[in-house]
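Read through the structure below, which is laid out as structure tokens, and then see the notes.
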């Protein structure tokens, strides 16, 4: 009915406007180098946000992703340096642990009926606590040179991890938009009971989604280690907020049932462009967080008002 | 009356039983505290030294005070993840005013008022615009945290006038924060128990539809409870900001989480509608004691957060299992 | 408390409705009804589902404002703008879906919103507890603990808390909406004692129930509604069970349910000693191909629970299910579907449909895995099937198959749910209240679909609270009471009297005897 007023359309226009203004403001913004570098910087949040889109579309939330990043990062270092595993194996083992963390979230939520907000708030503390306890505030450095290809290198002139983000986004868009799993996600988010009564595998889908969210965070954790050349237990702190902001800004309803990967990607781009643009314009790094908060609340206010008018 | 044909004996429960059923969680925490103090005191007597007790009780009183407001918010069925950032902002405001030479009472009052104002805004968006509190406060968290750092640039405030440092006062030899903690907890507990307003928060959190049918103005109460929570954040700020001679522009990381956890472990059900503010204060003390105990038993304090994470998880799962059992009965 | 024991017949009405009307979206649900209730009487309100009982109750309790007509309380014309207004005038309702606070104590629930205060303005908990104790004692509930949380109480106990709450506000009129619908037999007796005690105190009681024995045991007068109109108000002495049923139904059943001659085949589904929870307690029955088995029973008799067990929502705890003679286990709706069982649920809005999604997406929901090749949904196929369903069932949608189902009328929504399940090509179709809240036209269309399906060899189990529907559509009628099977009647033997009697038979007493 109001196809033209779709959230994604508005967002795309907004994104273009932001890019234009920024390009006009600073001649350093619209350069290939800068744009590719921004892509590099947004990969970790991006991977998490794409899977977070699934989580939020089912009406859930995953606050523990930032902590899973920290835990995976620490475990990569510990498995490699202290346990003595070869680095690829260490990274894989760490990713497996992070994924297990996501699986645990899914089990707590589906088996015990704990609201996702609370379940993942608890595991946020737990996983970060494990990271801190295991690391004892020691950082691990001195990874072999090849490992930095993942976070600092290029493939065909594009940052390695950006390829991963692009592929993930495409795969996720296909799953959410074109497959029965995507349909199941929307059905759960709109009416979980009816989805169950229609024979859809509700619990299994939810466990799978939280597990995948943990997996994405774990991969982001390894990429982060590779990008910044070190591991610390506080890595990824607060990243869950950036991811949720991107998803919600991208038009996914916090109540579930509505949302697209395209929207999330646009949300990510807008946020990253704003951060970059503002810092180029001389605003200190943390000032941009304010803007993100404002954008998040304002978007929700407007979309709530539009939505309510549309319904009546 | 034709009602005498069921000669069932009246089963009035004992006062003790009644206390346990109403304050079970609080009693459990008190017992946990007693055991903790006893055991750790045996291992390392210095744990019970006055200076350490002072650190545990007085140094963490601000968390307990903030948790009172948080408990009210969660009882009403909401959540606030921005309180840590808010305390940071209010501390800077307060310190700036004190250093700028404003009277001390202004430096003390303004944070409380600003806290109420900020939370009034959150409350309006939650109650009237119907945006979930988690999202509003996430946004507010970004705004406050980013705003604080970009305004202060991470600089510390020093040169605070001595009379401003209320947390360092020791009337009758007891640190002032302990007075604050005890008096505010008791006052809030009393108010939650004996005022119609306080009870209506339980009603809203327990069954919003039934609360509306009982004529409770849900929207107005929601805004009000956020404002009260803001006032407690302001009071917590006073204790936090005046502990040291300087005010850092950062608060302990994940302060909001510690505050939420104190409320939840104190027996405030995550689903709203039940819990007491006495429990949240006790839980705040318990955390501080656990943190200190780790140090005095030579366990690395870096495990503290993991311990707390496990505590939340266990409490929450126990709550869910209890509810499920009740539902079946 | 002293009782005002004027004889009910001469007492002035406490509440009187004159010519009350109400319509929603242009559909009239109440047409000029007169109704009154006097102090110290139990006035029963009867009617089929959709007859207008609940609308009438909601007008008296202040939830709805009538479109036409007047409300008088003690002879004074009033208009209520909320339930608070009605409650101030002494009118209280014990709702079916109880409006209590599970995490608060019994005493607090009774006085919430109406606390006694101490001198300094605080809540006087001693008085709250003392008066709660008194109120519950006076309701024959001395064993109830006023400090227990309501969450730990049984349904019957919660109901008494609601009644105590009403009395704490000095209610003069108590509206009880199917108060015994979900009670066990012993609790029903207790509730009836409580109602009698209240009547003796001079409380006016409006009592909605389907259970005939209760109505005859309790009420002084009875009013029957049908299709939103008043059929009549009678002294209880003037009526019999049969005459009340005739007033309620008021039309010839055969006319309304044109049922094609069935082609009944072999036994398809056999259920033996099926058990699950408190409401499925050892059921044994079977259904044949091409047969429509009606399940009758009061609300809370275990009909829906039986369906949920067969469909795998609440898997069976004991017993055997056989399909085509083979023993099967059903642990999830998906397993049920793969065995050829489909379930059109009772609550269309929350269980049957995803309202925000389109007709196309709802129709394909139960078969979405079959509509996918490997990875992708075959969208063209999906649309074609939805289009076919729209045509086949005459689903009227302005926006075609892309219209969100939430925007359709009740009848069309129900057709979408049925279409969704017929996509699975079921062999056993369970329909739970298939025509509730559906207009007359769509109703007969749905009945026609059922008849047609049965003739293709589908075994149909139909649960319905509408006796005429059960009698009109079923080849056999299974009657349940309190989680157990009372009897199975053949079409020839099933009539309003035989089924009605079986529905209300007191099974527990028989067991005890």
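Chains as they are written, first to last, in the numbering used here: chain Y, 1 to 312; chain P, 1001 to 1329; chain B, 2001 to 2513. We put the beta carbon where it would ideally sit given N, CA and C, even for glycine.
Straight-line Cα distance separating residue j from residue i
i               : j               : result
residue 2015(B) : residue 2036(B) : 6 angstroms
residue 148(Y)  : residue 88(Y)   : 12 angstroms
residue 2320(B) : residue 2431(B) : 21 angstroms
residue 1197(P) : residue 1188(P) : 12 angstroms
residue 111(Y)  : residue 2210(B) : 39 angstroms
residue 1139(P) : residue 1098(P) : 29 angstroms
residue 2443(B) : residue 1201(P) : 46 angstroms
residue 2313(B) : residue 2279(B) : 14 angstroms
residue 78(Y)   : residue 232(Y)  : 11 angstroms
residue 2494(B) : residue 2471(B) : 7 angstroms
residue 2425(B) : residue 2400(B) : 23 angstroms
residue 251(Y)  : residue 190(Y)  : 15 angstroms
residue 2219(B) : residue 2203(B) : 13 angstroms
residue 2377(B) : residue 186(Y)  : 14 angstroms
residue 58(Y)   : residue 257(Y)  : 6 angstroms
residue 2253(B) : residue 2330(B) : The predicted model places residue 2253(B) with a pLDDT of 45, which falls under 50 and marks its position as unreliable; any figure quoted below should be read in that light. Cα to Cα, residue 2253(B) sits roughly 36 angstroms from residue 2330(B).
residue 1210(P) : residue 2132(B) : 20 angstroms
Cβ-heavy atom distance, residue i to the ligand GDP, below 7 angstroms
i               : result
residue 2328(B) : Because no ligand of any kind appears in the structure shown, any question about the ligand GDP cannot be addressed here.
Delimiting residues of the beta strand (DSSP E) encompassing residue i
i               : result
residue 2294(B) : 2292–2296
residue 2272(B) : 2267–2276
residue 1331(P) : Any property of residue 1331(P) remains undetermined from this structure, which presents chain P solely from 1001 to 1329.
residue 2413(B) : Residue 2413(B) -> not in any beta strand (DSSP E); alpha helix (DSSP H) instead, spanning 2410–2422.
Where the alpha helix (DSSP H) containing residue i begins and where it ends
i               : result
residue 32(Y)   : 32–57
residue 149(Y)  : 148–152
residue 2338(B) : 2333–2338
residue 1160(P) : Residue 1160(P) -> no alpha helix (DSSP H), and no H or E assigned at all.
8 angstroms Cβ cut-off: residues of chain Y touching residue i
i               : result
residue 1322(P) : Result: empty, since nearest Cβ-Cβ is about 11 angstroms, beyond 8 angstroms.
residue 2351(B) : 193, 194, 197
residue 1146(P) : 286, 287, 288, 289, 290, 291, 292, 293
Chain P contact residues for residue i, given Cβ-Cβ distances below 7 angstroms
i               : result
residue 237(Y)  : 1253
residue 1951(B) : Only positions 2001 to 2513 of chain B appear in this structure, which leaves residue 1951(B) out of reach.
Contacts of residue i in chain B (Cβ-Cβ under 9 angstroms)
i               : result
residue 1060(P) : Under the 9 angstroms cutoff, chain B gives no residues; its nearest Cβ is about 29 angstroms from residue 1060(P).
Partner residues on chain B for residue i, Cβ-Cβ distance less than 7 angstroms
i               : result
residue 178(Y)  : 2376, 2377
residue 1206(P) : 2101, 2102, 2103, 2104
residue 1215(P) : 2084, 2113
Chain-ordered chain Y contacts of residue i [CB-CB under 9 angstroms]
i               : result
residue 2425(B) : Near residue 2425(B) there are no residues of chain Y at all, since even the closest Cβ is about 14 angstroms away, more than 9 angstroms.
residue 2361(B) : 183, 186, 187
Partners in chain P for residue i, counting only beta-carbon separations shorter than 9 angstroms
i              : result
residue 319(Y) : Here chain Y has residues from 1 to 312 only, and residue 319(Y) is not among them.
residue 103(Y) : Going along chain P, no residue has its Cβ under 9 angstroms from residue 103(Y), so there is no contact; the nearest lies around 15 angstroms.
Neighbouring residues, chain P, relative to residue i (Cβ below 8 angstroms)
i              : result
residue 359(Y) : Residue 359(Y) is absent from the structure shown; chain Y starts at 1 and stops at 312.
query = When Cβ atoms are compared, which residues of the region 189–205 of chain Y fall closer than 8 angstroms to chain B?
reply = 190, 191, 193, 194, 195, 196, 197, 198, 199, 200, 201
query = Which runs of the alpha helix (DSSP H) fall wholly inside the region 2020–2068 of chain B and span at least 4 residues, in chain order?
reply = 2053–2060
inquiry  = By the 7 angstroms beta-carbon criterion, what residues does the region 2363–2375 of chain B contribute toward chain Y?
reply    = The region 2363–2375 of chain B vs chain Y, Cβ under 7 angstroms: 2365, 2366, 2368, 2369, 2372, 2375.
ask   = Using a Cβ cut-off of 7 angstroms, which residues of the region 2153–2178 of chain B contact any Cβ in chain P, in chain order?
value = none
key: Start-end ranges of the alpha helix (DSSP H) lying completely within the region 2069–2130 of chain B, minimum 4 residues   = 2083–2088, 2106–2111
request  = With 9 angstroms as the C-beta to C-beta threshold (strictly closer), list the residues of the region 1154–1167 of chain P near chain Y in chain order.
outcome  = Listed by position, the residues of the region 1154–1167 of chain P near chain Y (Cβ gap below 9 angstroms) are 1154.
ask   = Of the residues that make up the region 49–62 of chain Y, which ones have a beta carbon closer than 8 angstroms to any beta carbon in chain P?
value = 61
query = Using a Cβ cut-off of 8 angstroms, which residues of the region 2081–2095 of chain B contact any Cβ in chain P, in chain order?
reply = 2082, 2083, 2084
query = For the region 116–144 of chain Y, which residues have a beta carbon sitting closer than 8 angstroms to at least one beta carbon of chain P?
reply = 117, 118, 119, 121, 122, 123, 124, 125, 126, 127, 128, 129, 130, 132, 133, 135, 136, 137
message = If the cut-off is 9 angstroms on Cβ atoms, which residues from the region 242–271 of chain Y count as contacting chain B, listed in chain order?
response = 257, 258
request  = Let me know the alpha helix (DSSP H) ranges lying completely inside the region 1122–1195 of chain P, each 4 residues or longer, listed in chain order.
outcome  = 1133–1152, 1176–1194
inquiry  = Tell me which residues of the region 1259–1292 of chain P have at least one Cβ-Cβ distance to chain Y shorter than 9 angstroms, keeping chain order.
reply    = Look at the region 1259–1292 of chain P: the residues with a C-beta under 9 angstroms from a C-beta of chain Y are 1260, 1261, 1264, 1270, 1271.
Residues within the region 2307–2341 of chain B neighbouring chain Y, beta-carbon criterion of under 9 angstroms = 2311, 2312, 2313, 2332, 2333, 2334, 2335, 2336, 2337, 2338
ask   = If you scan the region 2469–2499 of chain B from start to end, which runs of the beta strand (DSSP E) of 3 or more residues do you find wholly inside it?
value = 2476–2481, 2484–2490
ask   = Taking only runs of the beta strand (DSSP E) that begin and end inside the region 2133–2165 of chain B, which ones reach a length of at least 3 residues, in chain order?
value = Whole beta strand (DSSP E) segments, 3+ residues: zero.
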